[in-house]
Each structure stands twice: as structure tokens, then as C-alpha cells.
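S.K.:
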Amino acid sequence: MHRTALPTRPALHAEWIKMRSLRGTVGALTSIFVATAGIQALSAAAGTVDDGSLGEDPLFAAFFGINFGQIAAVAFGASSFAAEFHNGGLRVSLASVPNRTRFYLSKVAVLAAAAFVVGLAAGLASFTAGQALGGASTGWGTSGAGRAIVGSGLYLMLMALFAAGLTAVLRSGTLVLGLLIPLILVVSFVVGGLVGGPAQYLPDRAGQMVLRSVEHGSLGPWTGLGVCALWALAALAAGWLAVHRRDA
349 MHRTALPTRP ALHAEWIKMR SLRGTVGALT SIFVATAGIQ ALSAAAGTVD DGSLGEDPLF
409 AAFFGINFGQ IAAVAFGASS FAAEFHNGGL RVSLASVPNR TRFYLSKVAV LAAAAFVVGL
469 AAGLASFTAG QALGGASTGW GTSGAGRAIV GSGLYLMLMA LFAAGLTAVL RSGTLVLGLL
529 IPLILVVSFV VGGLVGGPAQ YLPDRAGQMV LRSVEHGSLG PWTGLGVCAL WALAALAAGW
589 LAVHRRDA
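Using my numbering, you'd call the opening residue of the sequence shown number 349 and step up by one each time.
#1: What does the Cβ neighbour count give for Trp488, buried or exposed, with the cut at 16 atoms within 10 Å?
#2: Starting from the C-beta of Arg519, find all residues in its chain whose C-beta is less than 6 Å away, skip the five residues before and the five after it, and write them out in chain order.
#3: When DSSP labels each residue in this structure, what does Trp579 get in the three-state scheme?
#4: Buried or exposed, going by whether 16 or more other CB atoms sit within 10 Å of the CB of Asn435?
#5: Provide the residue span of the alpha helix (DSSP H) that contains Asp595, from first to last.
#6: Taking 6 Å as the limit between beta carbons, can you name the residues of its chain near Ala423, skipping five residues before and five after?
#7: When we look at the beta-carbon of Arg439 and count the other beta-carbons within 10 Å, is it buried (16 or more) or exposed?
#8: Quick check on the burial criterion: 16 or more other C-beta atoms within 10 angstroms. Buried or exposed for Glu363?
#9: What would DSSP say about Trp364, mapped onto helix, strand or coil?
#10: Where does the unbroken alpha helix (DSSP H) through Tyr503 begin, and where does it stop?
#11: Specify the secondary structure class of Gly568 as computed by DSSP and reduced to three states.
#12: Thinking Gln479 and Ala385 are a contact (beta carbons under 8 Å), I'd like their distance in whole angstroms, please.
#13: Would the stretch 449 to 457 count as touching the stretch 544 to 563 if we require 3 or more Cβ pairs under 8 Å?
#14: In this structure, does DSSP put Glu432 in helix, strand or coil?
#15: Please determine, among Val517, Trp570 and Ala583, the residue with the shortest C-alpha to C-alpha distance to Met594.
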């Protein structure tokens with residue numbers, strides 16, 4: 349059986365070493381936790397997030413920090429791949445792992461694992477801090493709490509992978525950040541109050557459905573996350589084609 353396309357342990361190990369050796373990438377990964385949990389804790393301490401301020405869903409309010417953590421997740425995904433397109437980095441990587449599919453899958457696997465672990469920790473910390481929100485009736489027994497905590501890790505991972513795939517296509521982390529940050533901060537917030545319609549299928553709006561306990565539009569928690577996953581898979585597939593076909 350032909351297995352050269354599968355990620356192998358040496359390739360995975362090499363990508364892990366590469367990731368933790370880049371200060372910008374490590375900083376972006378750390379920022380996922382700091383932004384998500386930190387903003388949530390500050391909001392709880394200041395009492396700036398309370399019942400009704402984020403709609404009629406107290407569970408969603410308990411993950412308010414995700415709005416900032418997702419920016420860090422996008423930066424992490426973009427920076428992880430952008431390093432390959434500076435100073436001949438991709439040529440060096442392919443000299444070590446000549447099979448481009450193996451190289452690409454290894455990089456994606458390490459990125460996904462790191463983003464999920466940190467995102468899950470951030471979601472757990474955010475929910476814990478969210479329980480201190482004034483008047484918000486959230487707790488460990490809240491319906492959907494476990495799903496939202498796990499979903500927060502999956503969502504942040506998917507946003508990182510979405511950015512990584514686009515970076516592999518465009519070969520510029522700066523360009524990807526310039527496209528995605530306005531999409532998340534401007535477009536999604538402008539249409540955020542609209543229920544239903546095409547806006548609910550944007551990657552961030554769809555993915556955040558997993559954090560809700562109250563129906564918002566036609567997508568459910570897991571179908572919304574599935575839509576976000578399709579965005580990420582499409583970007584990763586396009587990124588694989590770009591890496592596979594273009595000159596290093």
C-alpha cells in the first residue's frame with residue numbers, strides 16, 4: 349500500500365519543532381488563550397457583559413471572549429504558514445520532506461492539534477469566568493455547556509485552519525489577515541443582529557452556533573460548526589493544490 353502521502357512521525361516532529369521555534373507563531377498561539385479568557389475575565393470583573401447585552405442567550409454571553417480569541421486563532425494559522433514563504437523557507441522544508449502532500453498534512457495536523465488544545469483550554473477558562481457575569485444564569489449544569497466548551501476548541505481550531513489554507517494559497521499572512529480581520533470584525537458584526545439569510549453561513553457566524561443554547565437562525569449548533577468546517581476544508585484543499593503545483 350502506498351503511504352507516502354500520510355504524515356509520518358519525523359515530519360510531524362519537524363513541524364512541531366518549527367512551530368515552537370518561531371516567536372511570532374508561539375505568541376499568536378498563546379494569544380488565543382490570553383485573548384479569550386482574559387477578555388472574558390475582564391468583562392466579568394467590570395460587569396460590562398450582562399443579561400441582554402449579547403441577546404437572550406446567557407450561554408453565548410459566557411463565551412464573549414471568543415470574539416477576540418478568534419482573531420488570535422486567525423493570526424496563528426496565518427503565521428504558521430506564512431513563515432514558509434519567507435527567505436526560502438518552503439525550499440528548506442521540502443528538502444527535508446520532499447513529498448509535498450506529506451509536508452502539508454503534517455503541518456496542518458500539528459497546527460490543528462495545537463489550536464484545538466489551546467482553544468479548548470481557553471473555552472473552559474472563558475466559561476468559568478463567564479459564570480461570574482452579573483445576572484447571567486450559567487453554570488456547569490446549563491444545557492449545552494459541555495458541548496459549547498468542546499465546541500469552542502473546535503471552532504478556534506477551524507478558524508486557524510481556515511486562515512492557514514488561505515495563507516498557503518495567497519502566500520502572504522499579511523494579506524490573509526487584511527482580508528479576514530475586516531470580515532470578522534466589520535462584516536460579521538454589522539450583520540450579526542440579522543437572523544437567517546446568507547449572513548448565517550459566514551464561517552465565524554456559523555461556527556459560533558456551537559456556543560449557543562438558544563436557536564438563532566436556521567443552523568443548529570453542530571450544523572453551524574459543520575458549515576465552518578466546510579469553509580476550512582475548502583481553504584485547506586485550495587492550499588494543498590497551491591503547494592502541490594507551484595514552484596517553491
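From the three backbone atoms N, C-alpha and C, an ideal C-beta is built for every residue, glycine too.
Quantities reported herein were computed from a predicted structural model and do not represent experimental measurements.
M.R.: Taking the definition as stated:
#1: exposed
#2: Phe433
#3: helix
#4: exposed
#5: Element bounds for Asp595: n/a, residue is neither H nor E.
#6: Ala376
#7: exposed
#8: buried
#9: helix
#10: Ala493 to Leu518
#11: coil
#12: With a Cβ gap of about 13 Å, Gln479 and Ala385 do not count as contacting.
#13: no
#14: helix
#15: Note that residue 594 is Arg in the sequence shown here, rather than Met. Nearest of Val517, Trp570 and Ala583 to Arg594, Cα basis: Val517.
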